[in-house]
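Notes for the one structure printed next.
Following this line, the structure appears as structure tokens:
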């Protein structure tokens, strides 16, 4: 492992000039302390017809609409000689420039103060940019190269990016899609790297780390990252052929940033508002998830996400595979790399399993249909209340559980595993970068299982439909036991509550099928008394249930629209399941478990 500055780090001071390109951008950081920078762009076109300019409404890796145009202002347009041009706004996100004679120069101010994988944060600590949220572009030049130069960069700051560094110190993208997929971090951050051989080449895996922790903590994170990289490489047999033979983790672990992760072709952004020590290095979970995306979604890519449409939401029925399977492997790689011990990994498996098995949402949608709802939930903004608790299950969670079900089924019934499926999808679709459809995954499953009828039934029942296998039986063949965590524990169901005066108010609707729902409780109700306990906080509900047993009936007093009511509520048993080691497991089961969870060799 080598700790050094990588050649992709640019020491930026007084940069001028641009590389040869048809779209030229300059970012002037002079106003960064006030959460804004000045952006200028020059577009060179052969056709003097009116030029369409657009601000993106979508960002690769996100699936909901994002109105990035709201954060640019003071927009002006000039021709090649510096004369003002007519600039007509056609829509909230598009403008038309006339009379340019082949060259258009625009300038505007960009505001940003929300650091994650989608938005920008511009302040005294850094300029953290997601390009779709930053750059006005010309759709006519989508296939043309673009360059970015930087001005007034504070002393000591440098750049972390997957953009190509040029001899004149500018940064270049071969075309618009690569530019839009290239985050940029400008700050006084630290750089670490290690070498990773693959398929006859040696790649530099880099960590551009902007954090408040120590150098020793950074080294620990780098070691954990290296272990994850090796285990994920072992799944596919090789790394993707990263540009410049480099892959960069751009990590911001700072107060005032939002926790997130966003994959890109040759880099990823990972953010957290806590330090490595505060989170006990749990940031490695996001790193593991996002690095798996280098194969799954960046290169093994759904056909309905290609070509990416920057003008609207991009809907896909494959996010259960693109995101959910990535969730599964992100955690599995951490077990195989020894970051998780067995008990911790089983706890990580329990949570999504309980969520998926207990949600009423599976009555309405299988994983494919749930994936199509991402356009509403993936950081989408709405002010009205929803009933998602009863009709939506995250494709991350649902897909992760489907991956678990498929992996265990293949290992116990078909002498294969999910690794084999991912390897085939990589060789057939990822490596040649041929986008896939759901039927292609089904065909790959038929091939690695040797059972086309099984593959067809699995997709019919568990991808287009909501069916799931008997997990207790599957875990039993892995030397594990799935059973109720506490069958005698009293349970009324999940509720989101807030203290309201001398009562507690229900903030979200109760889950269908729960005792709360059966009693008719809904959002906005004020809960006054449960049994003999006066309810003044959420803790009082726990107090009322301490002496209750499943099957008991309690009187519940509540107020709705200034009228008080009393209903009888029947206590149920807590449905939470626990996954644990079977102390009587057979040697064959233990062997299967070790093959599943043990480290893979490159």
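In this note's numbering, the protein residues as written are 23 to 624.
Even for Gly, the Cβ is constructed at its ideal location relative to N, Cα and C.
Note that this is a predicted model, so its numbers are computed, not measured.
Paired residues, beta bridge with residue i - DSSP
{"i": "residue 655", "result": "The requested residue 655 is not part of the displayed model; the chain covers only 23 to 624."}
{"i": "residue 625", "result": "There is no way to answer for residue 625, as the model of the chain reaches only from 23 to 624."}
{"i": "residue 232", "result": "274"}
{"i": "residue 50", "result": "60, 173"}
{"i": "residue 602", "result": "503"}
{"i": "residue 595", "result": "512"}
{"i": "residue 135", "result": "143"}
{"i": "residue 224", "result": "219"}
{"i": "residue 45", "result": "65, 168"}
{"i": "residue 12", "result": "For residue 12 there is no data in the structure shown, the boundaries of the chain being 23 and 624."}
{"i": "residue 268", "result": "226"}
{"i": "residue 130", "result": "61"}
Nearest-angstrom Cβ-Cβ length linking residue i and residue j, presumed shorter than 8 Å
{"i": "residue 246", "j": "residue 303", "result": "6 Å"}
{"i": "residue 137", "j": "residue 293", "result": "6 Å"}
{"i": "residue 493", "j": "residue 619", "result": "Actually they do not touch by this definition, with Cβ atoms about 16 Å apart."}
{"i": "residue 46", "j": "residue 169", "result": "5 Å"}
{"i": "residue 389", "j": "residue 317", "result": "Wrong, their Cβ atoms sit about 20 Å apart, outside the cutoff."}
{"i": "residue 434", "j": "residue 496", "result": "6 Å"}
{"i": "residue 411", "j": "residue 530", "result": "6 Å"}
{"i": "residue 99", "j": "residue 126", "result": "6 Å"}
{"i": "residue 513", "j": "residue 597", "result": "7 Å"}
{"i": "residue 182", "j": "residue 237", "result": "Not confirmed; about 17 Å, so no contact."}
{"i": "residue 552", "j": "residue 522", "result": "Their Cβ separation, rounded to whole angstroms, is 16 Å, which puts residue 552 and residue 522 out of contact at 8 Å."}
{"i": "residue 71", "j": "residue 128", "result": "With a Cβ gap of about 17 Å, residue 71 and residue 128 do not count as contacting."}
{"i": "residue 478", "j": "residue 393", "result": "That belief does not hold up - the Cβ atoms of residue 478 and residue 393 are roughly 20 Å apart, past 8 Å."}
{"i": "residue 417", "j": "residue 396", "result": "6 Å"}
{"i": "residue 271", "j": "residue 309", "result": "6 Å"}
{"i": "residue 140", "j": "residue 284", "result": "7 Å"}
{"i": "residue 244", "j": "residue 214", "result": "5 Å"}
{"i": "residue 415", "j": "residue 378", "result": "6 Å"}
{"i": "residue 250", "j": "residue 356", "result": "7 Å"}
{"i": "residue 84", "j": "residue 400", "result": "6 Å"}
Whether residue i touches residue j by CB criterion (8 Å)
{"i": "residue 232", "j": "residue 135", "result": "no"}
{"i": "residue 391", "j": "residue 413", "result": "no"}
{"i": "residue 364", "j": "residue 504", "result": "no"}
{"i": "residue 421", "j": "residue 349", "result": "yes"}
{"i": "residue 286", "j": "residue 204", "result": "yes"}
{"i": "residue 166", "j": "residue 212", "result": "no"}
{"i": "residue 579", "j": "residue 550", "result": "yes"}
{"i": "residue 465", "j": "residue 481", "result": "no"}
{"i": "residue 208", "j": "residue 51", "result": "yes"}
{"i": "residue 131", "j": "residue 96", "result": "yes"}
{"i": "residue 621", "j": "residue 358", "result": "yes"}
{"i": "residue 603", "j": "residue 502", "result": "yes"}
{"i": "residue 155", "j": "residue 220", "result": "no"}
{"i": "residue 275", "j": "residue 254", "result": "no"}
{"i": "residue 330", "j": "residue 199", "result": "yes"}
{"i": "residue 332", "j": "residue 79", "result": "yes"}
{"i": "residue 515", "j": "residue 533", "result": "yes"}
{"i": "residue 312", "j": "residue 290", "result": "yes"}
{"i": "residue 542", "j": "residue 424", "result": "no"}
{"i": "residue 59", "j": "residue 144", "result": "yes"}
{"i": "residue 614", "j": "residue 499", "result": "yes"}
{"i": "residue 223", "j": "residue 267", "result": "yes"}
{"i": "residue 432", "j": "residue 439", "result": "yes"}
{"i": "residue 88", "j": "residue 101", "result": "no"}
{"i": "residue 576", "j": "residue 256", "result": "no"}
{"i": "residue 319", "j": "residue 344", "result": "yes"}
{"i": "residue 273", "j": "residue 288", "result": "no"}
Please list the segments of the alpha helix (DSSP H) lying wholly inside the segment 505–590, counting only runs of 4 or more residues, in order along the chain.
For the segment 505–590, whole alpha helix (DSSP H) runs of length 4 or above, ordered along the chain, are 537–540, 560–567.
Tell me the start and end of each unbroken beta strand (DSSP E) in the segment 145–221 that is at least 3 residues and wholly inside, in chain order.
148–151, 168–173, 180–183, 193–195, 206–209, 212–220
Starting from the N-terminal side, write out each stretch of the alpha helix (DSSP H) that is 4 residues or longer and does not extend beyond the segment 459–508.
460–471, 474–480, 493–498
Hey, which unbroken runs of the alpha helix (DSSP H) at 4 residues or more fall wholly within the segment 367–435?
389–393, 396–399, 410–413, 417–435
contact_flag[the segment 448–459, the segment 320–329] where n(CB pairs < 8 Å) is 3 or more
yes
Quick test of the definition: if touching needs 3 or more C-beta pairs under 8 Å, does the segment 601–621 touch the segment 545–558?
Segments in contact, no.
In chain order, which continuous runs of the beta strand (DSSP E) of length 3 or greater are located wholly inside the segment 53–105?
58–66, 73–76, 94–100
Contact between the segment 64–71 and the segment 182–201 is defined here as three or more beta-carbon pairs at a separation below 8 Å; is this criterion met?
no
Uninterrupted alpha helix (DSSP H) stretches inside the segment 298–344 (no shorter than 4 residues):
305–314
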